[in-house]
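K.L.:
Structure provided below as structure tokens; questions to follow.
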Amino acid sequence: GLPRSVPFIHKTGTQYQTACHVGVINPQNAGVDAIVVTTCAAGLDEQTEAGQVFERVGRAITQTVLKNTAPAPAAATAPK
13 GLPRSVPFIH
23 KTGTQYQTAC
33 HVGVINPQNA
43 GVDAIVVTTC
53 AAGLDEQTEA
63 GQVFERVGRA
73 ITQTVLKNTA
83 PAPAAATAPK
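Our numbering runs 12 ahead of the 1-based position in the sequence shown.
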């Protein structure tokens with residue numbers, strides 16, 4: 013659900029009939045601009061149903077929280 017251009021570290025975990033994904037958007041710069049995301053789904057198949065829910069969460073974050081976030085500027089180079 014998040015664009016591939018968004019820096020994101022991610023960990024998944026499952027417990028009995030519960031799938032959870034935890035991640036950090038923009039973890040660089042010692043976490044100054046970090047956004048922690050935690051999603052859990054109970055009673056859904058992790059590979060299909062829960063995965064679809066988690067993708068929708070990512071899209072919602074992209075359309076709201078990240079909507080006005082500009083990508084990090086490219087490194088400046090000095091003219092030769």
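By construction, the Cβ of each residue, glycine as well, lies at the ideal position given by its N, Cα and C atoms.
Just so we're clear, the structure is a prediction, and the values are computed from it rather than from any experiment.
Taking all protein chains shown into account, decide if I37 is buried (16 or more other Cβ within 10 angstroms of its Cβ) or exposed.
P.N.:
Counting Cβ neighbours within 10 Å, I37 comes out buried, since at least 16 surround it.
K.L.:
Tell me whether I73 is buried or exposed, calling it buried when 16 or more other Cβ atoms sit within 10 Å of its Cβ.
P.N.:
Flag for I73 reads buried.
K.L.:
By Cβ distance, which residues of its chain are closer than 8 angstroms to R68, with the 5 residues on each side in sequence left out?
P.N.:
Closer than 8 angstroms at the Cβ level, and outside the excluded window around R68, lie G13.
K.L.:
What's the gap between the Cα of V65 and the Cα of C52?
P.N.:
Approximately 9 angstroms, taken between the alpha carbons.
K.L.:
Can you look up G70 in the DSSP assignment and give me helix, strand or coil?
P.N.:
If DSSP states are grouped into helix, strand and coil, G70 belongs with the helices.
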